[in-house]
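Under this note's numbering, think of the first position of the sequence shown as 984, with each following residue one higher.
Glycine included, C-beta positions come from ideal geometry on N, C-alpha and C.
For reference, the structure is listed below as structure tokens.
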Amino acid sequence: MAVPRNALKKWEKVREFALGLPGAAEEFPWGESVAKVNKKVFVFLGVDDGSHPLRVTVKLRDDTAHAHALASPGAEPAGYGLGRSGWVSVPLEGQGAPAAELLCDWVEESYRTIAPKRLLAELDGG
């Protein structure tokens, strides 16, 4: 399955943004890309090889952001029980898919729920 070019560009922007956050590191558990901080996942990036549709999964505690993410076409609470904790899977392709900038905002919110205070202070310029 070919990966749509615009979705791949979006995925690459989101990945680059996530890995640019203080203390972020990429790992590949289960053969999928994830970004971690302090050994905890803050965004699931999946795979970019075309074997699955591109999507990101983020943890959104803010009710407004969570509802907005779930309103995206094809978005759904994350599987494996993660949805109960605020994790949302959002497709990157298709009509009405969120822009890269909005996805990066959601990645930052997810990061802020997971990262330790010292890294949040670094992110905020403190």
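Run of the alpha helix (DSSP H) containing L1085, from where it starts to where it stops | 1083 to 1097
Where in the stretch 988 to 1051 do unbroken runs of the alpha helix (DSSP H), each at least 4 residues long, occur, reported from the N-terminal end onward?
-> 988 to 1002
Nearest to R1095 by CA position, among K992, N989, R1044, is which residue?
-> Check the Cα spacing between R1095 and each of K992, N989, R1044: the tightest is with R1044.
So what does DSSP say about S1169, is it helix, strand or coil?
-> What is shown of the chain runs 984 to 1109, which leaves residue 1169 out entirely.
Other residues of its chain near G1079: CB distance less than 8 Å, five sequence neighbours each side excluded = S1055, P1056
Bridge partners - V1071, DSSP secondary structure assignment = V1041, P1060
Rounded to a whole number of angstroms, what is the C-alpha to C-alpha distance between R998 and L1037?
-> Near 12 Å, if we compare the C-alpha coordinates of L1037 and R998.
Endpoints, alpha helix (DSSP H) assigned at E1076 = Run containing E1076: none; DSSP gives neither H nor E here.
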